[in-house]
Amino acid sequence: MSVARSLRRIAMGHECWLPEADRQLVQQYKSGVDVAEIAESFGRTVSAVRTRVGTLGLQRRKTTKG
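No gaps in the numbering here: position 2 of the sequence shown is 7 in the numbering used here, and each next residue is one more.
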């Protein structure tokens, strides 16, 4: 993504996520960490984290309850 496009996205209210942040988000989300806790650890809003989760197309690992 070009710098100009990145700046435009930020100016339009889209938050910029760095690749390392994405990796951490994926790891935490898939391991079942609560979205509110993830948001707090990244210093983001819950809404921003949910939006990013949707953008990345993440799904929780299915857990079986005995």
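All C-beta atoms, glycine included, are put in the ideal place defined by N, C-alpha and C.
- [ ] Measure the C-alpha to C-alpha separation of R28 and R49 and round it to an integer number of angstroms.
- [x] The residue given as residue 28 occupies position 23 in the sequence shown. The residue given as residue 49 occupies position 44 in the sequence shown. Near 16 Å, if we compare the C-alpha coordinates of R49 and R28.
TODO: Rank Y34, R57 and S52 by C-alpha distance to the C-alpha of R65 and give the top, closest one.
DONE: Mapped onto the sequence shown, residue 65 falls at position 60. Here the closest residue by C-alpha is Y34.
Task: Exposed unless 16 or more other CB atoms sit within 10 angstroms - verdict on L61 - done: Position 56 of the sequence shown, counting from 1, holds the residue named residue 61. Exposed: under 16 other Cβ atoms inside 10 Å.
- [ ] Quick one: grab the DSSP three-state call for S46.
- [x] In the sequence shown, residue 46 corresponds to position 41, counting from 1. S46: helix per DSSP, three-state reduction.
Task: N- and C-terminal bounds of the alpha helix (DSSP H) containing G59 - done: Here residue 59 corresponds to residue number 54 of the sequence shown, with the count starting at 1. The continuous alpha helix (DSSP H) containing G59 extends over residues V51 to L61.
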